[in-house]
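In the working numbering, the protein residues as written are 415 to 479.
Quick look at the structure:
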């Protein structure tokens, strides 16, 4: 799928997020990478095989007022 030189990481590589963005939709909070991964602003992902990678954003902690 990737035509970049050097080629982008595949969707099953640990560094898959380093692939080039081919379509960006910041108003909706997601981007399509050239390896077929849909990357969300919260760092969650949908892989081309339809498996889901949960968000890696740290959970918010609430402070007492």
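Using N, Cα and C, we set each Cβ at its ideal position, and we do this for glycine too. Note that the structure is a prediction, hence the values are computed from the model and not measured.
- With respect to the 9 Å criterion, residue 470 and residue 457 are classified as neighbours on the basis of their beta carbons.
- In the DSSP assignment, residue 466 forms a beta bridge with 460.
- For residue 437 against residue 445, the beta-carbon gap comes to about 7 Å, under 8 Å, which counts as contact.
- For residue 439, the beta-bridge partners assigned by DSSP are 444.
- Our two residues, residue 432 and residue 463, have alpha carbons roughly 18 Å apart in a direct line.
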